[in-house]
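Chains as they are written, first to last, in this note's numbering: chain W, 1 to 103; chain R, 1001 to 1445.
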């Protein structure tokens, strides 16, 4: 199972920093997000796409995590040579994170 | 309890106009807010103003104003927008001209100024965060410096009776916060209400992104009638709690999921969403579906403002040359990779001075590099070769080299495109807010 099966996501950009939200479709999957979608796993899953740290924020009342990823946008949106300088596609990468859920 | 209705007329500079007209006509709105300023738009607009003192405002202002002003006048909807860009006064004058042509006699238009701080910044004291140096030490050609203004100037203009308020750089949520401060008489140190009003602004500022735009993922997240996506409305009460909704009969939807995605969009620490007027706290926000396309948003909060304003510095950074060419069918990936190898070799041989080179295959590794490599061979790829140079002439050589692949590269390359551009980039720093003064100029049609 992938994260995509239990959560949705949106990416935002500010300068060279990207933030990616991860939001559980169902409240009962919130503990799964909390336990399995750690900053370390997210950092590993993005590999060389992210050069800086990844920090996780938790919003339990809406079943959401917010990951702030530093040095993630090729030097910044306004000067990056990337095809997707805003990193808009990064949420789609995060949603492929393998998740282990017993149903 | 008093409530007001605020609609979003645009969530970015190129946004669609039809949904804004729809909202103006049928939204029973008190305010229609157009957010039209991206990070570097104002720097580009500043360049335009240098060439022509009457230029430098949003090129779509004309179409937008012609489309909504007569309706807004008839319905009593007041308009707020940052379409003033680098030249709010010229934008206001042009709006007055349009209003006169439309017969909207007596329409009052305010231009809020004060965000242009190019002459205010101290070369020795102003620190550029990204470059870790002072403005004086920054070795680039600076073309603009604009502070993100808070709601104050807009509130003053509303108090003075403006029907249309045009700003330059203002914090996006502040354009939505201002009418709430004005209508409900909130104090500028009522941090909780300012935080909630900012939350409303944050949810509305990207228009369709809270009504089902930027959300659809067929099979998982299906959105009804996305082609007719409606823009959002907030019904706000005097405590700053709100219901987010949209017009019946428009496409898209408003539900808890769309609001949660937008809540965290471009947010870092949800406890500290730093704005000119307040540090908004979104960390305990409650999002509740209360009816079809109706979502209640409550429990926002706020902390005292920092006293500093973010300043965006626009500067000439570099030039970029780019070329693309497609390969398809069996061996497309290998031929594309060969093309990239040849290009690298050639720009080295001819001695092109480049600061950064990026070669990739669209369809293989242009977005996720090699992090998400797949075993499936795509049926077609597009070579993208992009190089940062110091001047446009050199940048043009990149596209020429890609084009030369037609006769001098791998088999079956087609569809070359080439481009050059000058990069106006943005860096930022903080300015104590008492270093600038916000004021407005009122005009009447």
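Idealized CB from N, CA, C, for every residue including glycine.
This one's a predicted model, so the numbers in the text were calculated from it and none came from an experiment.
| query | result |
| --- | --- |
| Under 9 Å between C-beta atoms of residue 1031/R and residue 1004/R | yes |
| Any C-beta of chain W under 9 Å from that of residue 1441/R | no |
| Contacts that residue 1372/R makes with chain W (C-beta to C-beta distance below 8 Å) | 93, 96 |
| Under 9 Å between C-beta atoms of residue 19/W and residue 1266/R | yes |
| For residue 1228/R, the three-state DSSP class (helix, strand or coil) | helix |
| Selection of the region 1155 to 1187 of chain R by Cβ proximity to chain W, strictly under 8 Å | none |
| Interface residues of chain W facing residue 1358/R [CB-CB closer than 8 Å] | 81, 82 |
| For residue 1337/R, the first and last residue of its enclosing alpha helix (DSSP H) | 1332 to 1349 |
| Residue 1033/R classed as buried or exposed, judged by whether at least 16 other C-beta atoms fall within 10 angstroms | buried |
| Nearest-angstrom Cβ-Cβ length linking residue 1439/R and residue 1153/R, presumed shorter than 8 Å | 7 Å |
| Span of the beta strand (DSSP E), counted from its first residue to its last, around residue 39/W | Not the beta strand (DSSP E): residue 39/W falls in the alpha helix (DSSP H), residues 39 to 46. |
| Contact set for residue 1435/R: own chain, Cβ-Cβ below 6 Å, skip 5 residues either direction | 1120 |
| Range covered by the alpha helix (DSSP H) that runs through residue 972/R | The structure shown does not extend to residue 972/R, since chain R is modelled only from 1001 through 1445, so no value can be given for it. |
| Residue 99/W at chain R interface by Cβ criterion, 9 Å | no |
| Chain-ordered chain R contacts of residue 42/W [CB-CB under 9 Å] | Those within 9 Å of residue 42/W in chain R number zero; the least Cβ separation is about 13 Å. |
| 9 Å Cβ cutoff, residue 78/W in contact with chain R | yes |
| Distance between beta carbons of residue 1286/R and residue 1402/R, contact taken as under 8 Å | At roughly 53 Å, the Cβ-Cβ gap does not stay under 8 Å, so residue 1402/R and residue 1286/R are not in contact. |
| Residue closest to residue 1253/R, alpha-carbon to alpha-carbon, out of 1208/R, 1058/R, 1007/R | 1208/R |
| Any chain W beta carbon closer than 9 Å to residue 1048/R | no |
| Contacts that residue 1284/R makes with chain W (C-beta to C-beta distance below 9 Å) | 59, 61 |
| For residue 1234/R, the residue or residues it bridges with in DSSP | 1006/R, 1244/R |
| Proximity test, Cβ basis, 9 Å: residue 1287/R and chain W | yes |
| Delimiting residues of the beta strand (DSSP E) encompassing residue 1320/R | 1308 to 1328 |
| Beta-carbon contacts of residue 1293/R that lie in its chain and below 7 Å, excluding the five residues immediately before and after | 1245, 1246, 1253, 1254 |
| 8 Å CB neighbourhood of residue 1226/R in its chain, flanking five on each side removed | 1212, 1213, 1216, 1251, 1252 |
| Backbone CA spacing between residue 1276/R and residue 9/W [nearest angstrom] | 28 Å |
| Backbone secondary structure at residue 101/W - three-state DSSP | coil |
| Assigned exposure category for residue 1319/R - 16 Cβ within 10 Å defines buried | buried |
| Residue 68/W at chain R interface by Cβ criterion, 9 Å | yes |
| CB of residue 57/W within 9 Å of CB of residue 1270/R, strictly | yes |
| For residue 1150/R and residue 955/R, believed in contact at Cβ under 8 Å, the rounded distance | As shown, chain R starts at 1001 and ends at 1445. That puts residue 955/R outside it, with no answer to give. |
| Span of the alpha helix (DSSP H) around residue 1397/R | 1392 to 1403 |
| Sequence-distant residues of the same chain with beta carbon closer than 7 Å to residue 1105/R, five excluded per side | 1445 |
| Where residue 47/W meets chain R, residues with beta-carbon distance less than 7 Å | 1371 |
| Proximity winner among 1351/R, 1349/R, 1370/R, 1350/R, relative to residue 1359/R (alpha-carbon distances) | 1370/R |
| Cβ-heavy atom distance, residue 6/W to the ligand GDP, below 8 Å | This structure does not include the ligand GDP; it has no bound ligands of any sort. |
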